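Colleague: According to the numbering used here, the stretch in the sequence shown is residues 13 to 303, in order.
Even for Gly, the Cβ is constructed at its ideal location relative to N, Cα and C.
What you are looking at is a predicted structure, and each value in this text was computed from that prediction instead of being measured.
Got a structure for you, questions after.
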Amino acid sequence: MSDIWISETLYGGWRQQFRVNKMLAQTKSAFQDIAVFENEDYGRVLMLDGVVQITGRDEFVYQEMLTHVPLLAHGAARNVLIIGAGDGGVLRRVLQHGTVERAVMVEIDGEVISLSKQFLPDIAGDAWNDPRAEVIVGDGIEYVATAPDASFDAIIVDSTDPIGVGEVLFTDSFYRHCARILTDNGLIVNQCGVPFMQADELRDTSARRAQFFRHVSAYVAAVPTYVGGFMTLGIAAKGDAPGTQDVATIRERAGKAGIGECQYWTPEMHVASFVLPPYIARNLPGYTPRG
């Protein structure tokens with residue numbers, strides 16, 4: 013058994029460690045440090061700048077909830093933009109929706125895509141070769157700033173935390189352009205951190221998006237390797253409020269889209285994920301404490 017351990021360095025006073033059974037890749041791209049390694053409990057693990065991004069064991073939780081919830085909350089998304097998500101897992105889940113006609117994925121770091129194809133092939137599956145997919149190695153900020161008005165129904169942002177290369181994906185300018193290129197019923201979703209440790213991430217992101225979107229809310233998913241409790245996924249919509257559809261409606265939409273049994277997402281989990289404990293909900297605009 014290996015005696016080599018690697019620490020996640022996201023928090024200053026709290027770390028989790030993974031035993032490295034085998035280091036598969038360790039490099040520095042033009043944008044970030046990248047490591048891919050094998051661990052006996054989580055399978056293959058991708059870390060960027062010392063922070064866990066995805067593992068073969070629990071990736072389904074994050075990928076399913078980041079994708080199926082917004083697309084089924086929308087109900088008729090045909091054109092989807094993905095920012096980041098270089099491992100291909102979000103692209104794969106988007107393309108599981110038979111109602112999606114076009115999925116554009118813009119990832120700034122081509123090295124992440126290359127290493128994911130080589131060492132994490134099961135995460136994306138055949139998504140890279142789907143004719144509906146357009147994969148661009150480029151700057152998502154620039155793409156959003158120059159895309160035509162009302163050209164997408166949904167935007168899914170799968171980024172690192174708002175530090176380093178991911179920082180520019182949490183700005184007023186970015187959200188303004190996202191609102192512009194979304195259709196009238198369009199919506200955007202992105203990870204907003206673990207609020208037990210990163211409440212400012214959810215609070216600041218939600219306040220920024222409230223300037224440009226009619227509805228701003230969040231929902232949660234329990235991802236084992238995103239330590240600190242629930243991971244929040246912030247969602248903002250120009251049209252109907254996400255999280256207001258009932259189970260029957262979501263089940264009907266999933267059937268039309270061709271979404272079968274998943275490992276985490278269900279219509280019931282979809283609806284329940286919008287029920288937030290106060291310590292999370294208080295970071296959203298318009299929160300009113302209940303007596």
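Check whether the Cβ atoms of Ile-153 and Cys-190 lie closer than 8 Å to each other.
Modeller: no
Colleague: Measure from the alpha carbon of Ile-46 to the alpha carbon of each residue in Asp-61, Arg-27, Pro-301 and Arg-69, then state which is nearest.
Modeller: Asp-61
Colleague: Do three or more CB pairs link the region 108-125 to the region 138-150 at distances below 8 Å?
Modeller: yes
Colleague: Rounded to the nearest angstrom, what separates Ala-42 and Arg-302 at their Cα positions?
Modeller: 48 Å
Colleague: Under the rule that 16 or more other beta-carbon atoms within 10 Å means buried, what is Tyr-291, buried or exposed?
Modeller: Looking at its Cβ environment, which holds fewer than 16 other Cβ atoms inside 10 Å, Tyr-291 is exposed.
Colleague: Report buried or exposed for Pro-244, applying the criterion of at least 16 other Cβ atoms within 10 angstroms of its Cβ.
Modeller: The residue you asked about is not Pro; residue 244 is Thr in the sequence shown. Around the beta-carbon of Thr-244, 16 or more other beta-carbon atoms lie within 10 Å, marking it buried.
Colleague: Between Gly-176 and the rest of its own chain, which residues show a CB-CB distance below 7 Å, the 5 nearest in sequence each way excluded?
Modeller: A caution first: Gly-176 carries a pLDDT of 45, below 50, which makes its placement in the model unreliable, though a value can still be read off. Only Gln-44 and Asp-61 meet the Cβ criterion.
Colleague: Give the DSSP-derived three-state secondary structure of Ala-162 in the structure shown.
Modeller: coil
Colleague: Assuming Ile-361 contacts Met-117 (C-beta within less than 8 Å), just tell me the rounded distance between them.
Modeller: The displayed coordinates of the chain run from 13 to 303. Any statement about residue 361 would go beyond what the structure contains.
Colleague: Tell me which same chain residues have a C-beta within less than 7 Å of the C-beta of Arg-105, skipping the five on either side of it?
Modeller: Gln-75, Glu-76, Thr-79 and His-80
Colleague: Should Trp-306 be labelled buried (16 or more other beta-carbon atoms within 10 Å of its own) or exposed?
Modeller: Lying outside 13 to 303, the shown extent of the chain, residue 306 is not represented and no answer is given.
Colleague: Quick check on DSSP: helix, strand or coil for Ala-284?
Modeller: helix
Colleague: For Thr-111 and Gly-272, what's the separation of their Cα atoms in angstroms?
Modeller: 14 Å
Colleague: Let me know the secondary structure DSSP gives Val-57 once reduced to three states.
Modeller: strand
Colleague: Nearest-angstrom Cα distance between Thr-195 and Asn-51?
Modeller: 43 Å
Colleague: Under a three-way DSSP split, which group does Val-73 fall into?
Modeller: Val-73 falls in the helix class under three-state DSSP.
Colleague: With 16 as the cutoff for other CB atoms within 10 Å, does Ala-97 come out buried or exposed?
Modeller: buried
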